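Report on one structure; see the data block that follows.
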Amino acid sequence: MAIANMKTIQRCFLQSQQWIKLFSGKNSRRSVSVSTEKSQERVAHNATHSDAPLKGIKVLDLSRILAGPYCTMILGDMGADIIKVEKPGVGDDTRIWGPPFIGTESCYYLCVNRNKKSVTINMKKPAGVKLIKS
């Protein structure tokens with residue numbers, strides 16, 4: 010029992026690359042019993058269901074980190090069409106938040122950005138600003 014508890018404590022202090030290795034590939038099936046297929050199918054069904062309350066509403070998501078992405082996640086769950094704008098070259102900051110990770114992306118990022126379509130737009134250039142405003 011003491012050895013099992015020590016392994017649990019040691020996992021709390023792993024670096025991000027160690028977490029990625031631990032929870033990716035073959036190890037993920039042994040270490041974590043998470044099935045993403047069923048939850049994604051259920052969410053996709055909810056968002057595309059014909060009686061979804063926000064079906065037909067389009068939302069441009071320019072938010073970053075926590076409150077904004079969470080709010081647009083709920084709108085997407087209710088059927089809204091969410092277009093998420095990310096920074097060119099690096100994408101959303103939360104892609105690397107972790108652990109835990111699924112593959113190379115953080116679970117937080119994957120969860121709050123479900124039901125969203127992502128695009129990158131450079132809003133520091135006039136063409137990017139024009140695209141956002143159109």
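Numbering (the numbering used here), first residue to last: 10 to 143.
All residues carry an ideal CB built from backbone N, CA and C; glycine is no exception.
Computed from a prediction, not measured in an experiment: that's the story for all the values here.
Would DSSP call residue 67 helix, strand or coil?
-> To locate residue 67, count along the sequence shown from 1; it is residue 58. Three-state result, residue 67: strand.
State the Cα-Cα distance for the pair residue 88 and residue 134, rounded to the nearest angstrom.
-> Here residue 88 is taken as the residue at index 79 of the sequence shown, counted from 1. Here residue 134 is taken as the residue at index 125 of the sequence shown, counted from 1. If you take the alpha carbons of residue 88 and residue 134, they lie about 32 Å apart.
Determine the contact status of residue 144 and residue 132, defining contact as a CB-CB distance below 9 Å.
-> Given a span of 10 to 143 for the chain in the structure shown, any question on residue 144 remains unanswerable.
Could you tell me the boundaries of the beta strand (DSSP E) in which residue 113 lies?
-> Along the sequence shown, read from residue 1 onward, the residue named residue 113 stands at position 104. No beta strand (DSSP E) contains residue 113, which DSSP labels as neither H nor E.
With 16 as the cutoff for other CB atoms within 10 Å, does residue 69 come out buried or exposed?
-> If you number the sequence shown from 1, residue 69 lands on position 60. With fewer than 16 other Cβ atoms within 10 Å, it is exposed.
How would you label residue 84, buried or exposed, when you count the other beta carbons within 10 angstroms and need 16 or more for buried?
-> By 1-based counting over the sequence shown, the position of residue 84 is 75. By the 10 Å Cβ count, residue 84 comes out buried.
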